[in-house]
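Colleague: Protein chains in written order, with this note's numbering: chain A, 1 to 222; chain B, 223 to 444.
Before we start, here is the structure in question, set down as structure tokens.
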């Protein structure tokens, strides 16, 4: 396998991130590229979920992935194994990506032949929530072992996420995690959020989530 | 139970955090107060570990706790139930605490009658690693469901932690987590880090960890 391309992201010079994010979204709309911003804490299963998502969709739409990380390229290598285009973004210690940093990544990825570009954001429930990346939709993963009270503790992350994937439902018997209570907490913060329960490892629930995503991509390209 | 005291932390005006941290450590040494900075990602079991730690030590040393969080006071309430002094620090969206912010917390906690002050830092493996809080020791929790590869992905956090608590070992049978491999990854980043395997919920391993902590507090007070 070829080595994964690594991009060292530069800090943004722009003051108005919201404006930059709107510009980026408009330009993606013109090109017919759907950008998904995927967020979570470390260890919630982002890369495994991403691999399951890619495998479910790669024969129907063309996918490219940007793996953002402080360091290392382990995730991008795992994604490249699925056969889709994957690059690694190094943030140089920064705990989030903003729109201009995301644009640097998209330029390096080259979205000409891509329908769905996925940004795997830095593993963190705080900082990434504060910056609009220019994505069409924000998705986040909450894994069962993290606890059902996370919407109470990280309200901003849940309020800006269009989709919440509750992952690792295979270990529900071993943790005090109440799915209905968690859905209620999410609803309180964000009544419009779609919630899917999945097990990325076994594939449970992946069809429902990827059908939704596939429809969103098709709507965006109209 | 009385309501928990909530402190709204102000952003620091000091440029040189390392200098502020040294000042704070010196003043804690003079007062005989040991400050422990406890870090982890969201959902790793920080509050449960803290409760187990307090229950093991509270009859031998006087403990005070500062719960830092972006919002909410759920954790401080849980800690206050153990009978030790606990206050809540709101960071107003900031993803870490630096030395001056920690000092605001210690002033509000009032350390006059305290041997061990514990700062439960914001749930995040990135930002808190970058700022010396003035603590005597840094401890971090890595929980089994997060994966044994985290030392590779968050090297700074592991390299600045004096102690790593591998938590939730009761669920080892249900996850691909290799404790020996994890110890090796930690050693590569930080040969001096003490590693304890614990289950905060059942109390397994808590004695070994709290004995170590108790000795450190006694050494500091000499």
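C-beta: ideal position from N, C-alpha, C; glycine also.
Keep in mind it's a predicted model, so treat the numbers as computed, not measured.
Which chain B residues sit within Cβ distance under 7 Å of residue 41 of chain A?
Modeller: Here the neighbours are 263, 264, 265.
Colleague: Using the rule of at least 16 other Cβ atoms within 10 Å of the residue's Cβ for burial, across every protein chain shown, is residue 10 of chain A buried or exposed?
Modeller: Counting Cβ neighbours within 10 Å, residue 10 of chain A comes out exposed, since fewer than 16 surround it.
Colleague: Work out the CA separation of residue 248 of chain B and residue 64 of chain A for me, nearest whole Å.
Modeller: Approximately 52 Å between the Cα atoms of the pair.
Colleague: Against chain A, with Cβ distances strictly below 8 Å, would residue 372 of chain B count as a contact?
Modeller: Closer than 8 Å to some Cβ of chain A, the Cβ of residue 372 of chain B qualifies, so yes.
Colleague: Measure from the alpha carbon of residue 283 of chain B to the alpha carbon of each residue in B:444, B:436, B:441, then state which is nearest.
Modeller: Nearest of B:444, B:436, B:441 to residue 283 of chain B, Cα basis: B:436.
Colleague: If the criterion is Cβ atoms closer than 8 Å, does the pair residue 280 of chain B and residue 300 of chain B meet it?
Modeller: Contact flag unset, no.
Colleague: Give a yes or no on whether 8 Å exceeds the smallest Cβ distance from residue 354 of chain B to chain A.
Modeller: Chain A contact via Cβ: absent.
Colleague: Closer than 6 Å by C-beta to residue 162 of chain A: which residues in its own chain qualify, once you throw out the five before and the five after it? Chain order, please.
Modeller: Excluding sequence neighbours, residue 162 of chain A sits near 137, 138.
Colleague: Measuring CA to CA, which of A:8, A:39, A:221 is closest to residue 141 of chain A?
Modeller: Answer by Cα proximity: A:39.
Colleague: Let me check understanding here. Comparing Cα to Cα, which of B:316, B:390, B:289 lies closest to residue 147 of chain A?
Modeller: It is B:390.
Colleague: Quick check on residue 121 of chain A - is its C-beta less than 8 Å from some C-beta in chain B?
Modeller: Output row for residue 121 of chain A: interface = no.
Colleague: Hey, is residue 154 of chain A's beta-carbon within less than 8 Å of any beta-carbon in chain B?
Modeller: Answer yes: the Cβ-Cβ gap between residue 154 of chain A and chain B drops below 8 Å somewhere.
Colleague: Are any of the Cβ atoms in chain A nearer than 8 Å to that of residue 347 of chain B?
Modeller: Yes - at least one Cβ of chain A is within 8 Å of the one on residue 347 of chain B.
Colleague: List the residues of chain B that residue 74 of chain A touches, going by C-beta distances under 9 Å, in chain order.
Modeller: Those are 371, 374, 375, listed as they occur along chain B.
Colleague: What first and last residue would you give for the beta strand (DSSP E) that runs through residue 393 of chain B?
Modeller: First-last for residue 393 of chain B: undefined, no H or E at that position.
Colleague: Please identify the residue among A:203, A:149, A:175 whose C-alpha is closest to the C-alpha of residue 185 of chain A.
Modeller: Comparing Cα-Cα distances from residue 185 of chain A to each of A:203, A:149, A:175, the minimum goes to A:149.
Colleague: By DSSP, does residue 132 of chain A sit in helix, in strand, or in coil?
Modeller: Coil at residue 132 of chain A, not helix or strand.
Colleague: Could you please give the first and the last residue of the uninterrupted beta strand (DSSP E) stretch that includes residue 258 of chain B?
Modeller: Looking at the DSSP string, the run of the beta strand (DSSP E) that includes residue 258 of chain B is 256-262.
Colleague: Residues of chain B with CB closer than 9 Å to the CB of residue 143 of chain A, please, in chain order.
Modeller: Under the 9 Å cutoff, chain B gives 265, 367, 368.
Colleague: Using a Cβ cut-off of 8 Å, pull out every chain B residue sitting near residue 168 of chain A, in sequence order please.
Modeller: Those are 367, listed as they occur along chain B.
Colleague: For a quick check, are the C-beta atoms of residue 144 of chain A and residue 171 of chain A less than 8 Å apart?
Modeller: Closer than 8 Å, so yes.
Colleague: Which stretch, first to last residue, makes up the alpha helix (DSSP H) that contains residue 158 of chain A?
Modeller: That run of the alpha helix (DSSP H) goes 155-160.
Colleague: List, in chain order, every chain B residue whose beta-carbon is nearer than 8 Å to that of residue 171 of chain A.
Modeller: In chain order: 367, 393, 396, 397.
Colleague: For a minimum of 4 consecutive residues, which ranges assigned as the alpha helix (DSSP H) are wholly contained in the segment 303-351 of chain B?
Modeller: If we require 4 residues or more, the alpha helix (DSSP H) runs fully inside the segment 303-351 of chain B come out as 321-331.
Colleague: Does DSSP classify residue 17 of chain A as helix, strand or coil?
Modeller: Helix at residue 17 of chain A.
Colleague: Report yes or no: is there a C-beta of chain B within less than 8 Å of the C-beta of residue 98 of chain A?
Modeller: Closer than 8 Å: no.
Colleague: Chain A beta carbons: is any one of them nearer than 8 Å to that of residue 315 of chain B?
Modeller: Answer yes: the Cβ-Cβ gap between residue 315 of chain B and chain A drops below 8 Å somewhere.
Colleague: Taking the Cβ atom as the reference point for each residue, do residue 116 of chain A and residue 217 of chain A lie within a distance shorter than 8 Å?
Modeller: Cβ distance < 8 Å, so residue 116 of chain A and residue 217 of chain A count as in contact.
Colleague: Under 8 Å, do residue 21 of chain A and residue 134 of chain A count as touching if we go by C-beta distance?
Modeller: Closer than 8 Å, so yes.
Colleague: Which chain B residues sit within Cβ distance under 7 Å of residue 69 of chain A?
Modeller: What residue 69 of chain A touches in chain B: 375.
Colleague: Taking the DSSP output, what are the residues bridged to residue 361 of chain B?
Modeller: DSSP output for residue 361 of chain B lists B:260, B:385 as bridge partner(s).
Colleague: State the Cα-Cα distance for the pair residue 442 of chain B and residue 255 of chain B, rounded to the nearest angstrom.
Modeller: Near 8 Å, if we compare the C-alpha coordinates of residue 255 of chain B and residue 442 of chain B.
Colleague: Grab the span of the beta strand (DSSP E) containing residue 193 of chain A for me, first residue to last.
Modeller: Here residue 193 of chain A belongs to no beta strand (DSSP E), and DSSP marks it neither H nor E.
Colleague: Sort out for me which residues DSSP pairs residue 229 of chain B with in a bridge.
Modeller: DSSP lists B:311 as partners of residue 229 of chain B.
Colleague: Who are the near neighbours of residue 96 of chain A in its chain, counting only those whose CB is closer than 8 Å to its CB and skipping five residues on each side?
Modeller: Around residue 96 of chain A: 121, 122, 124, 127, 128, 130, 131.
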